[in-house]
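J.: I'd like to ask you about the structure that follows.
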Amino acid sequence: MRLRTWGYFFRQAFLSLWRNAWMSVAASTSVAVTLFILGAFILLVLNINFIALALQSNLEIAVFLRVDTPRSQALALKQQMESLPGVKEVELVPKEQGLKILAQQLGEEELLEATGGVNPLPDYLRVRVEDPARIGEVAAILQNLPAVEKVNYGQAVVERLLAVLRWVRYLGVGIIGMLAVASLMLLMITIRLAVYARRREINIMKYVGATDWFIRWPFLLEGLFIGLIGGGIAAGVLLWGYTSLTYKIKLSLFFLPLLEDNTVLHYTALGLVGGGACVGAVGSLLAIHRFLKV
Amino acid sequence: MRLRTWGYFFRQAFLSLWRNAWMSVAASTSVAVTLFILGAFILLVLNINFIALALQSNLEIAVFLRVDTPRSQALALKQQMESLPGVKEVELVPKEQGLKILAQQLGEEELLEATGGVNPLPDYLRVRVEDPARIGEVAAILQNLPAVEKVNYGQAVVERLLAVLRWVRYLGVGIIGMLAVASLMLLMITIRLAVYARRREINIMKYVGATDWFIRWPFLLEGLFIGLIGGGIAAGVLLWGYTSLTYKIKLSLFFLPLLEDNTVLHYTALGLVGGGACVGAVGSLLAIHRFLKV
Amino acid sequence: MIQFFNVTKIYKGDIYALKDITVKIDKGEFVFLVGPSGAGKTTFIRLLFREELPTKGQILIAGRSITRLRSKEIPFLRRNIGVVFQDFRLLPDRTVYENVAFALQVLEVPPKEIKARVEEVLAQVGLSGRAHLFPHQLSGGEQQRTAIARAIVNRPRILVADEPTGNLDPATSREIISLLLDINRLGTTVIMATHAWDIVNSLKKRVIALDKGRLVRDDKEGVYGYEA
Amino acid sequence: MIQFFNVTKIYKGDIYALKDITVKIDKGEFVFLVGPSGAGKTTFIRLLFREELPTKGQILIAGRSITRLRSKEIPFLRRNIGVVFQDFRLLPDRTVYENVAFALQVLEVPPKEIKARVEEVLAQVGLSGRAHLFPHQLSGGEQQRTAIARAIVNRPRILVADEPTGNLDPATSREIISLLLDINRLGTTVIMATHAWDIVNSLKKRVIALDKGRLVRDDKEGVYGYEA
Ligand SMILES: Nc1ncnc2c1ncn2[C@@H]1O[C@H](COP(=O)(O)OP(=O)(O)OP(=O)(O)O)[C@@H](O)[C@H]1O
Ligand SMILES: Nc1ncnc2c1ncn2[C@@H]1O[C@H](COP(=O)(O)OP(=O)(O)OP(=O)(O)O)[C@@H](O)[C@H]1O
Ligand SMILES: [Mg+2]
Ligand SMILES: [Mg+2]
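Protein chains in written order, with our numbering: chain A, 530 to 823; chain B, 530 to 823; chain C, 3 to 230; chain D, 3 to 230.
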């Protein structure tokens, strides 16, 4: 194609967008609405994932030592544990501190007095693991160390939590996949219907001697622009909506970790714009395909 | 309209569905995809709500009595509490049982021995409230009862949990609202594009002397059928998908309460079919409106 | 029956399609509308069945002003006017039979009568063998005859034909013209826009000539005028 | 230049549009294609520029079989054949000017030359004042002349016109015919399907007559034949 022909393609694409104004608006609105929904769910799922990770990383194993274990051995054990594979962090909670915590929980300020000055509690160690999913394995290893009386990581609760989080992640990926497929289908159908209204045009061009690519390019560019505009609107509304929503949520749920990584946000937005452009261009190409066969 | 004219309307609607086959398929697919997504999220949100309710109803207040409170007074207090407004259920945990639980948690089987035979723990009462959101108020009332040493409902955690659940509910309603609006927009646009491809037809009918309703009825019926078919497919796939997914989830998350109320399921499915039919019929009416003005 | 009073039609872009037309056509007349390409013939017809509204002036049909018609009444005006459009305007996804039947279905005529009438009229225009085809499967002349069949099937009181023989060979044209004459003889007012000078000259009917939107001639037993 | 060998075209529904046509048209000829409505004239033309493929038989243009053309080559065949369609086939969302220019843009002609050529050809068909209008704003005859302008603007080697005067008044028709004769004189082969017996009879060119799909007559200096 000569350069002037490219000029014609671009001019024609814009002219056609303008002359079929309401169809252009309808198609870009569809793209915008669909991609916005998709983007919103991508951000939602990313956040849920982020929160789940934060939840998981709070899990810890309580390692109770025998009551008669001397403090020095406890400290040695702490070091030993820290060097174990899979262990991230170990904190020693001396029995005095343990009693204080217990007293607070029970509302019995004078617990030590009530027990006749004897602290019945053992020292214990709080162990955080690197991979929460393998917390059970680490706990089993710790159990076998000398001086360890009992290991407790709320096995039942933790396992349930992990199972729930696993399903949440599956569901999240499933939903995004489903939405992506649905978006693709809806946009393809919309573009096809829009092109269908202009099928005679395509036929006529071929009868006048236009090559397939001569017809395709303006349509492709038109689809591309519609996709870009739709994707752009979706990305813009999404960024604005996300920042204002997270701002509001943080006011009441200050303790909840929310994704505020700007690169992720911007990649998502960019993905929407790029996805819109691709769907628009490829959708147009596929849609005109069957009308070119004359 | 005479009866035979109604016959014509129905025959014409079906004929037109058949002759514009791919447009009918495209439009019903759009309806099906959109309504399936909407339905899936309605069920998801209903389930999350259901789980949140179950979580909330597990919340309880621990009321610790003074260590020296006699068992008879504890029992009297239990009865008194049960008659308080907002209280749903009260359970007395005697100090012996409390010690057993503690011993288990600490891994110290011989806790009583270690403390020299003295049980340092008080009796306590586990109180469930009717409205978890007002757990704080009930706790304050309980605090002022005689012989109550301390009231504990994990204030910080419970408040956070309630706040999170509140936001989850807001978000759920917001998402469903957003999806409903988006579905409506997408379907309207799709129907409009489909009708647009046939705009000349509508003009011609008017020129031949057809009244507006004579033209509208077959289009309306066509839209209705497309909506019914799309909605039906969405509802069918949703029911099947939901039952098989919940079956799978329950295998690994047996402890999670899932909505299995068939009436809710069936209402949702019915809503999709009805919604599809409405959108199809009303969408067609609105779409042909401007082409009738000749 | 039909009266134009100082009718002017200006299209968007300052295009004067009709300028100050005053004309009266009586019930039962047969009128040729002639004039060069772009003279305003089709515009004249469009105003008649209210596809367009005049920019200025008044149009009366059977004594009623059609510019003041409420939109509910328009279909009933149109049912009394059978129109053969220059561009045919057939319904693309209906067969020839269905296209013609449509004009009767609109009137809620019983199905049996529809069948009889449609078959009769298709035979008259020579399309019995094409009844089940769709418009895009027809030759130009066949499409035109379908349009004619649709216009006459409900026996309208006014028949307006915009170049109804433009795509027909001379023999078929003559058949169609004699069909229109028959219909006219039964009392229908016929207005026919045409370029077929031979037909106009041979029939010696009333001729209204337009040129650049002006009424330039109105002869009782006229001729086409450009060839004569 | 153009050769049909035993060409038969059967449309879906067992409709024989052309039956066993064998004909040869030389470079530079001017040929009238005549026959009653539905005779197969448009089908003949459709086969020529490969809108349809023959059911049986062979078609050669400039010695090449067009039925064996690869789909990449079809546009180049069509660029050498200017077609005036019976139903015009103008691009609805392009102006008259753009519709005509399109045939040159396809050839990647420089914009300046496009402008000059289009303006020249619009003047020839008498549409200079209508260049900026869209097809739906044109009268029937104006649409037809736009179609003619588009067909001749790129000076094709073969010009095929399907009833190019069906919507034109006699005076304009004569102008268009003399335009086609001029083009023919410059070496273009012209094939014109028509019902205009007066034009055919007065020009004394070659006449190919079809009837019910059969070739019934092929006269060197023929007449329309039905009126004669
Ligand atoms: N919608 C429109 N917008 C602008 N101009 C129009 C429109 N419709 C018609 N015209 C112009 O009005 C003039 C008269 O058009 P009309 O169709 O009435 O002519 P006509 O006599 O039917 O011609 P023909 O014999 O070619 O069919 C033409 O020059 C045409 O360009
Ligand atoms: N796509 C099609 N499917 C079925 N039949 C068709 C199709 N196209 C044309 N025909 C039939 O083929 C026959 C020849 O059609 P064609 O268009 O070639 O006639 P024509 O000579 O151009 O007539 P006219 O002068 O009326 O334009 C007609 O009877 C028509 O009904
Ligand atoms: Mg006209
Ligand atoms: Mg033809």
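In this text, a Cβ means the ideal position worked out from N, Cα and C, and glycines have one as well.
If we count Cβ pairs, one from each stretch, closer than 8 Å, do we get three or more for the stretch 56-76 of chain C versus the stretch 217-229 of chain C?
T.: Because the criterion of three Cβ pairs below 8 Å is not met, the stretch 56-76 of chain C and the stretch 217-229 of chain C do not touch.
J.: Under the assumption that B/Val-616 contacts B/Val-658 (Cβ atoms under 8 Å), give the Cβ distance between them as a whole number of angstroms.
T.: Contact holds; Cβ gap of about 6 Å.
J.: Contact criterion: CB-CB distance below 9 Å. Does C/Ser-204 meet it with respect to chain D?
T.: So no, C/Ser-204 is outside the interface.
J.: Per DSSP, what are the beta-bridge partners of A/Phe-820 in this structure?
T.: DSSP output for A/Phe-820 lists no bridge partner at all.
J.: Once DSSP output is grouped into helix, strand and coil, what is the label at D/Met-194?
T.: Residue state, collapsed to three classes: strand.
J.: Any beta carbon of chain A sitting closer than 9 Å to that of D/Lys-21?
T.: It does not: the Cβ of D/Lys-21 has no partner Cβ on chain A nearer than 9 Å.
J.: When the cut-off is 9 Å and only beta carbons count, does A/Gly-752 lie next to chain D?
T.: So no, A/Gly-752 is outside the interface.
J.: Which residues of chain D have a Cβ atom closer than 8 Å to the Cβ of C/Asn-169, listed in chain order?
T.: Per Cβ cutoff of 8 Å: Ser-39, Gln-88, Glu-165, Gly-168 and His-197.
J.: Is D/Leu-92 a contact residue of ligand 1, with contact defined as CB to any heavy atom under 8 Å?
T.: No, the Cβ of D/Leu-92 stays beyond 8 Å of every heavy atom of ligand 1.
J.: Quick check on B/Phe-748 - is its C-beta less than 9 Å from some C-beta in chain C?
T.: Not closer than 9 Å to any Cβ of chain C, the Cβ of B/Phe-748 fails to qualify, so no.
J.: Which partner residues does C/Gln-5 have in the DSSP bridge list?
T.: C/Gln-5 is bridged to C/Lys-26 and C/Leu-62.
J.: Of the residues C/Gly-37, C/Phe-46 and C/Gly-15, which one's Cα is nearest the Cα of C/Phe-7?
T.: Considering only alpha carbons, the answer is C/Phe-46.
J.: By the criterion of Cβ-Cβ separation under 9 Å, what are the contact partners of D/Gln-139 in chain C?
T.: Neighbours of D/Gln-139 on chain C, chain order: Tyr-13, Lys-14, Gly-15 and Ile-17.
J.: List the endpoints of the continuous beta strand (DSSP E) containing C/Arg-219.
T.: Looking at the DSSP string, the run of the beta strand (DSSP E) that includes C/Arg-219 is 216-221.
J.: Measuring straight from C-alpha to C-alpha, what distance separates A/Gln-541 and D/Asp-95?
T.: Going by the C-alpha atoms only, they are around 11 Å apart.
J.: Suppose contacts are defined by Cβ-Cβ distances below 9 Å. Is A/Ala-668 in contact with A/Gln-684 by that definition?
T.: In contact: A/Ala-668 and A/Gln-684 (Cβ atoms closer than 9 Å).
J.: Taking the alpha carbon of B/Thr-534 as the reference point, which residue from C/Arg-176, C/Ile-116, C/Lys-206 and C/Ser-141 has its own alpha carbon closest?
T.: Taking only the C-alpha atoms, the option nearest B/Thr-534 is C/Ile-116.
J.: Please state whether DSSP places C/Phe-32 in a helix, a strand or coil.
T.: Strand, per DSSP.
J.: Can you give the Cα-Cα distance for D/Phe-87 and D/Asp-164, rounded to whole angstroms?
T.: The alpha-carbon atoms of D/Phe-87 and D/Asp-164 are separated by roughly 5 Å.
J.: Rounded to whole angstroms, what's the CA-CA distance from C/Lys-214 to C/Ala-41? Just pull it up for me.
T.: If you take the alpha carbons of C/Lys-214 and C/Ala-41, they lie about 5 Å apart.
J.: Got a list of residues with beta-carbon closer than 6 Å to any non-hydrogen atom of ligand 3, in chain order?
T.: That query returns the following residues: C/Lys-43, C/Thr-44, C/Gln-88, C/Asp-164, D/Ser-141 and D/Gly-142.
J.: Would you mind working out which of A/Leu-575, A/Glu-688 and A/Trp-547 sits nearest A/Gln-585, comparing C-alpha positions?
T.: Checking every option, the nearest Cα to that of A/Gln-585 belongs to A/Glu-688.
J.: Could you check if C/Gln-126 is buried or exposed, using at least 16 other CB atoms within 10 Å of its CB as the buried criterion?
T.: By the neighbour-count rule (16 or more Cβ atoms within 10 Å), C/Gln-126 is buried.
J.: Could you pull out every residue in the same chain whose Cβ sits closer than 8 Å to the Cβ of C/Ile-179, ignoring the five residues on either side in sequence?
T.: Once the five neighbours on either side are set aside, the close Cβ partners of C/Ile-179 are Thr-167, Ile-201 and Leu-205.
J.: Is the shortest distance between the beta-carbon of C/Tyr-234 and the beta-carbons of chain D less than 9 Å?
T.: Beyond the ends of chain C as shown, which are 3 and 230, falls residue 234 of chain C; an answer cannot be given.
J.: Do you know how far the Cα of C/Val-120 is from the Cα of C/Ala-103?
T.: In a straight line, the C-alpha of C/Ala-103 is about 6 Å away from that of C/Val-120.
J.: When you compare the CB of A/Leu-546 with every CB in chain B, is at least one pair closer than 9 Å?
T.: Cβ-Cβ to chain B under 9 Å: no for A/Leu-546.
J.: Quick one: Cα of A/Ile-590 to Cα of B/Ile-580, how far?
T.: One C-alpha to the other measures close to 27 Å.
J.: What residue from A/Val-619, A/Lys-777, A/Trp-547 and A/Thr-558 has the CA that sits closest to A/Ser-712's CA?
T.: Looking at the Cα atoms, A/Thr-558 is the closest of the given residues.
J.: Keeping to the same chain, check which residues put their C-beta closer than 7 Å to that of A/Val-680; ignore five residues upstream and five downstream.
T.: The residues are Ile-590, Val-592, Ala-668, Leu-671 and Gln-672.
J.: At the 9 Å Cβ level, is B/Asn-578 part of the contact set with chain C, yes or no?
T.: Cβ-Cβ to chain C under 9 Å: no for B/Asn-578.
J.: Specify the secondary structure class of B/Phe-593 as computed by DSSP and reduced to three states.
T.: Strand at B/Phe-593.
J.: Can you give the Cα-Cα distance for C/Tyr-13 and C/Ile-160, rounded to whole angstroms?
T.: Near 26 Å, if we compare the C-alpha coordinates of C/Ile-160 and C/Tyr-13.
J.: Report the residue from A/Trp-547, A/Met-530, A/Ile-566 and A/Leu-546 whose alpha carbon sits nearest the alpha carbon of A/Leu-716.
T.: Out of A/Trp-547, A/Met-530, A/Ile-566 and A/Leu-546, A/Ile-566 has the C-alpha closest to the C-alpha of A/Leu-716.
J.: Measure the C-alpha to C-alpha separation of B/Leu-750 and B/Ser-545 and round it to an integer number of angstroms.
T.: The straight-line gap from Cα to Cα measures roughly 10 Å.
J.: Among D/Asp-28, D/Ala-19, D/Asp-22 and D/Pro-112, which has the Cα closest to the Cα of D/Met-3?
T.: Residue D/Asp-28 is the option with its Cα nearest to D/Met-3.
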